[in-house]
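Comments concern the structure below.
In this note's numbering, the protein residues as written are 14 to 115.
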């Protein structure tokens with residue numbers, strides 16, 4: 014097996030010294046509790062698609078927007094994609110959409 018030092022080197026950035034896990038994940042809206050596998054899969058697919066498409070669209074326009082309003086533009090893009098995904102879920106899987114909505 015691994016000695017203590019190697020285990021610490023591997024696990025420390027993932028568990029103890031992880032700023033995303035310690036600071037950001039606590040306020041993330043993805044911390045929803047699902048009791049059904051289908052609901053969890055739909056939620057994870059919706060979250061992944063919003064993150065991927067927002068990252069893609071923001072990276073394409075980031076050099077064209079002023080830095081003073083960059084955060085506002087990023088939040089607007091993310092909010093718009095969340096609304097689009099919610100509307101798609103309401104149109105095609107209404108029951109799951111009701112379980113995922115607030």
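We treat Cβ as the ideally placed atom computed from N, Cα and C, and that holds for glycine.
### Query
In three-state DSSP terms, what is residue 68?
The three-state secondary structure of residue 68, taken from DSSP, is helix.
### Query
With 16 other CB atoms within 10 Å as the buried threshold, where does residue 102 fall?
Here residue 102 is buried, its C-beta having at least 16 other C-beta atoms within 10 Å.
### Query
Helix, strand or coil: how does DSSP classify residue 16 here?
Three-state DSSP puts residue 16 in coil, outside helix and strand.
### Message
If I measure Cβ to Cβ from residue 67 and keep anything under 8 Å in the same chain, skipping five residues before and after, which residues do I get?
### Response
Cβ neighbours of residue 67 beyond the five flanking positions: 87, 90, 91 and 94.
### Task
State the DSSP-derived secondary structure class of residue 26, mapped to helix, strand or coil.
Residue 26: helix per DSSP, three-state reduction.
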